[in-house]
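In our numbering, the protein residues as written are 300 to 868.
Even glycine gets a Cβ: it sits at the ideal position worked out from N, Cα and C.
From a predicted model like this one, the values you see are computed outputs, not experimental measurements.
Below is one structure, written out as structure tokens, with a few remarks after it.
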């Protein structure tokens, strides 16, 4: 394995912590991995970009999918997942997910998560798009993520796991053999640590969430700037399937110029019987798919966008007026409150909705144990590409994937036998290797991506986006090379630089994939092409900062690393 040598321009680390495992991220994936590693006696440090409970998990509304209901089976869950993934799921990875999922959810309940129950005391399950059975466990009506986050955060604090909050991870540290040796990070604000520092550890678990902020409108929080994927690329890891960005069909429409995080209207609202209608009240999804409004998300998003284009409309509507006030208040209190804040009452009015960037099905490529192509570096949750989601994630599989694969990672770390000595990282180069983007570049990147690589793409729009992104990249490189200048190091410039990195990869993969599949919709290539494209696109970053792109031979990922033998003690 060859590292790129590329690092973000940043001050030298002024402090350090020694650990066995550092987990970057505090969603369901990160905290599950941390709790399991800590329970095995490993010195575990959790690094998170905001507060412990401020990641993407808390925003999850619908629930967590698992074959927990009477008559449901992992095989049926597998079938629904494969259909949603549009021929690109790794079936072995999905089988692990659906077979280990039910027990993982039960362990989550044992940790303290309280899911909604029926009057008989059974889990109250609902349906979402692509599911043929009620298998979505939810909490607080539509506040599942917040409840899972609460339970895991309380467990982490109760068990005394060491945490570093308000910390942006910068780069992976590696030793002379190219093995993981920890991470550098920048702590924002006052506390036990401040400024740039390092956590030295032989195992790093990336659980940094998504990269939705690469688009102007997204359901993702402001911290979702692709930091984990960008870090992995700079470290030499492989990234796969980044072209498959899921646009959630029903996001509250706040106007054509709305930017940043937008309120989500959960798929569970449709699962309980709400209808998609146009301005004339016509249910336009009927007849387009056997499940109508409950078709997989890519199909519903396309259906909404087609109707918008046909009618020159800015949005469609979600109609749940027949629910009545009591159901809205009991089952969907969070959504009801969000709508009312923006002057819409779902009890009496249909909700204006339009697709917005929601979930990255691709990410850092891993094997079934969460191992990446960099020894000692693991990834789980939205930052990872396990092969589970294929070309389009099945609704509510994301929390389950984070849970199941986090447990598998912790088990692998324990089984691998970590060295007792603290790894010695190779020193950073004295000259900055990677120029930084200005804070303003963030908005330029978002406009470029929304215009050229959004729900509807073409060779022309993607080529234009690639040229514009390359210009941002080249201008920063030339300024550094000719004048020795780069943007001032800081959170805003590091985030903008990470966004540009992941945007370039996403556009390169989307331009190469000349077909329409799942949530990758090419208007100039409207048909699915299994003969040429039933395979994955894998991207790495070259030492000269160019992208190396290749495809796999099949839907199965090649092995990342051989089984890790115990290290010398």
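Beta bridge counterpart(s) of residue i as assigned by DSSP
i	result
residue 466	486
residue 512	DSSP, once it has assigned bridges, lists no residue as partnering residue 512.
residue 836	850
residue 672	According to DSSP, residue 672 bridges with nothing at all.
residue 533	Its beta-bridge partners do not exist; DSSP assigns none.
residue 363	436
residue 400	DSSP output for residue 400 lists no bridge partner at all.
residue 650	617
residue 517	560 and 656
residue 539	662 and 837
residue 499	317 and 481
residue 472	481
residue 505	323 and 678
Under the three-state DSSP convention, the category residue i falls into
i	result
residue 436	strand
residue 425	strand
residue 641	coil
residue 460	coil
residue 546	strand
residue 863	Because residue 863 sits at a pLDDT of 46, beneath the cut-off of 50, its placement in the model cannot be relied upon, and the following sentence gives the value as read from the coordinates. Coil.
residue 687	coil
residue 680	helix
residue 375	helix
residue 494	strand
residue 416	strand
residue 314	coil
residue 810	helix
residue 527	helix
residue 824	coil
residue 431	coil
residue 307	strand
residue 480	strand
residue 443	helix
residue 815	coil
residue 855	coil
residue 805	helix
residue 768	helix
residue 330	helix
residue 302	coil
residue 773	helix
residue 551	strand
residue 343	strand
residue 697	helix
residue 382	helix
residue 388	coil
residue 844	coil
residue 353	coil
residue 790	helix
Presumed contact (8 Å Cβ cut-off) between residue i and residue j, rounded CB distance
i	j	result
residue 523	residue 508	5 Å
residue 497	residue 472	7 Å
residue 390	residue 381	7 Å
residue 527	residue 663	7 Å
residue 689	residue 328	That belief does not hold up - the Cβ atoms of residue 689 and residue 328 are roughly 19 Å apart, past 8 Å.
residue 452	residue 352	5 Å
Nearest to residue i (by Cα), restricted to the options the options
i	options	result
residue 848	857, 855 and 836	836
residue 468	460, 484 and 479	484
residue 840	807, 372 and 857	807
residue 609	588, 631 and 583	583
residue 590	430, 746, 722 and 453	430
residue 753	769, 613 and 513	513
residue 518	360, 793, 674 and 388	360
residue 510	817, 826 and 795	795
residue 659	618, 805 and 676	805
residue 463	558, 333 and 671	333
residue 803	398, 773, 790 and 786	773
residue 441	354, 843, 635 and 585	635
residue 725	362, 799, 499 and 586	499
residue 330	779, 305 and 407	407
residue 362	628, 704, 439 and 687	439
residue 444	570, 696 and 823	696
residue 650	611, 565 and 560	565
residue 412	399, 424 and 448	448
residue 559	832, 305 and 744	744
residue 706	738, 670, 740 and 596	670
residue 621	323, 579, 575 and 639	575
residue 801	672, 540 and 308	540
key: Every unbroken alpha helix (DSSP H) within the segment 599 to 635, with a cutoff of 4 residues, ordered by chain   = 624 to 630
task = Enumerate, from N- to C-terminal direction, the unbroken beta strand (DSSP E) stretches of 3 or more residues contained entirely within the segment 568 to 598.
result = 574 to 576
task = Kindly provide the ranges of any alpha helix (DSSP H) runs that are 4 or more residues long and lie completely inside the segment 706 to 763, ordered along the chain.
result = 740 to 751
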